[in-house]
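According to our numbering, the sequence shown is numbered sequentially starting from 2. One structure below.
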Amino acid sequence: MEPGIAQRTSQRIILHLDMDSFYASVEMQERPGLRGKPVVIGADPDNGKGRGVVATCSYEARAFGIRSAMPISQAFVLCPHAVFLPPDIPRYVKASADVMLILKAQGFPIQQVSIDEAFLDVSQMGTFPAASDLAARIKDTILSRFGLTCSIGLAPTKVVAKIASDVNKPDGLTIVEPENIFSFLAPMPVRKIPGIGKKAEADLFELGIRTIRDLTTFDIQVLIARFGRSAIALKDVAAGIDTSEVKEQDVVKSISRETTFTNDTDDEQLVAATIDKLAEEVCRNLSDEDLHCRTVTVKVRYQGFVTKTKARTLPHYTGDRATVRTCAHSLLCDIFDGRKIRLIGVRLSSFDKHDARQMILGV
Ligand code: DCP
Ligand code: MG
């Protein structure tokens with residue numbers, strides 16, 4: 002262990018919970034015939050010609066190489082006999098709310114960070130063994146009440162807890178006590194650090210940095226020259242230093258919904274009807290979250306992946322469907338240039354009440 006880490010972080014115990022193959026597990030729970038089968042939630046595969054993406058899939062489907070965000074056509078090639086289902090978002094929002102109620106009932110500061118994950122600051126439990134018992138009880142409760150499994154990480158920081166919840170999925174419980182932070186992080190590929198995507202991973206590879214250990218020993222000046230000030234935060238995370246707190250009131254940033262057309266289209270009636278449907282759906286989510294918004298954004302992706310977005314901020318907060326619909330139509334008129342459209346989306350943002358989470362409901 003590096004000197005100092007335990008001292009800096011030993012006072013906190015952070016729990017990160019992430020549901021396992023969430024949308025797929027909800028479907029499998031409600032239809033027992035699906036259990037044990039490869040189940041893929043996402044766009045219609047249309048016999049391999051489907052054009053959207055995979056939202057998620059069961060662990061049985063992952064054994065065939067299927068992953069979230071993969072083109073559905075590729076998933077079909079990998080496992081044509083999988084059960085392909087369209088997402089039923091309202092059902093997942095309800096299951097999420099049920100799970101979050103169990104977590105809130107534990108009485109600790111809680112921060113929901115997506116539809117299926119949350120941090121709890123359980124420092125009051127005092128010791129890691131006591132926190133581990135609590136985590137096991139939470140897992141049992143969620144399983145017995147809803148038939149769903151989750152994975153939990155316990156660690157002195159949010160970043161390490163999040164990485165820990167992911168390493169023994171599904172149905173995992175991983176504890177990283179302060180003295181083990183460095184040995185836990187060091188062999189991990191840099192991609193495990195939240196926020197490091199494909200691009201940053203490739204940039205780090207170019208410098209010869211593959212593991213978190215490589216990052217800790219790399220010259221900070223060279224890193225700063227390449228990545229700017231964010232290199233300092235990255236070095237800290239690699240060394241297990243992360244003072245960010247569990248923020249009880251997570252601010253809702255946006256609610257969005259988008260759809261990919263079966264065939265690229267310039268049919269104005271079809272595009273207009275789709276905008277109506279998307280506006281209706283985001284307004285329903287807005288009302289479920291008990292929110293009003295001021296900004297409406299429309300996204301259009303043309304044939305060839307050229308993407309245009311345009312936003313308008315309204316003079317007043319609104320939850321009114323007709324207002325949102327009219328605004329979305331007018332934005333669409335502004336950016337529609339007659340080319341064939343592959344995908345359109347509607348996003349609502351600038352909310353007046355900050356008591357829920359960001360929801361990205363793309364298909
Ligand atoms: N999701 C999505 N599109 C993505 C990623 C996720 O629609 N590209 C949705 C479907 C997931 C849910 O969000 O069920 C939660 O995302 P996770 O990343 O936690 O993935 P899962 O819960 O499905 O699987 P895991 O067991 O790896 O957590
Ligand atoms: Mg999950």
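Ideal Cβ placement from N, Cα and C applies to all residues, glycine included.
Per-residue DSSP class, three states only, for residue i
i           : result
residue 328 : helix
residue 69  : coil
residue 259 : strand
residue 349 : strand
residue 214 : helix
residue 247 : coil
residue 19  : strand
residue 365 : Nothing can be reported for residue 365, as the shown portion of the chain is limited to 2 through 364.
residue 312 : strand
residue 343 : strand
residue 131 : helix
residue 156 : strand
residue 333 : helix
residue 147 : helix
residue 167 : helix
residue 141 : helix
residue 14  : coil
Classification of residue i by the beta-carbon crowding that lies within 10 angstroms, buried from 16 upward
i           : result
residue 117 : buried
residue 111 : buried
residue 233 : exposed
residue 286 : buried
residue 348 : buried
residue 31  : exposed
residue 305 : exposed
residue 261 : buried
residue 249 : exposed
residue 275 : buried
residue 113 : buried
residue 200 : exposed
residue 229 : exposed
residue 70  : exposed
residue 220 : exposed
residue 271 : exposed
residue 152 : buried
residue 43  : buried
residue 284 : buried
residue 80  : buried
residue 16  : buried
Integer-rounded CB distance, given that residue j should sit under 8 Å from residue i
i           : j           : result
residue 129 : residue 155 : 6 Å
residue 208 : residue 192 : Actually they do not touch by this definition, with Cβ atoms about 15 Å apart.
residue 92  : residue 27  : 6 Å
residue 165 : residue 175 : 4 Å
residue 14  : residue 126 : 6 Å
residue 310 : residue 294 : Actually they are not in contact, since the Cβ atoms of residue 310 and residue 294 sit about 16 Å apart, beyond 8 Å.
residue 162 : residue 120 : 7 Å
residue 240 : residue 214 : Not a contact, Cβ separation roughly 10 Å.
residue 76  : residue 41  : 5 Å
residue 171 : residue 21  : 4 Å
Cβ-heavy atom distance, residue i to the ligand SAM, below 7 Å
i           : result
residue 188 : No copy of the ligand SAM occurs in the structure displayed; its ligands are the ligand DCP and the ligand MG alone.
Item to complete: Counting only runs of 4+ residues fully inside the segment 265–303, write out the alpha helix (DSSP H) ranges in chain order.
Response: 269–289
Discussion item. Tell me which residues pass a beta-carbon proximity test against the ligand MG: closer than 5 Å to any heavy atom, given in chain order.
Written reply: 19, 20, 23, 117
Practice prompt. Return the chain-ordered ranges of every alpha helix (DSSP H) run that is complete within the segment 27–105 and spans a minimum of 4 residues.
Written response: 60–63, 73–79, 90–105
Discussion item. Restricting to runs no shorter than 4 residues, where is the alpha helix (DSSP H) found entirely within the segment 180–240?
Written reply: 182–186, 199–207, 213–218, 221–228, 231–239
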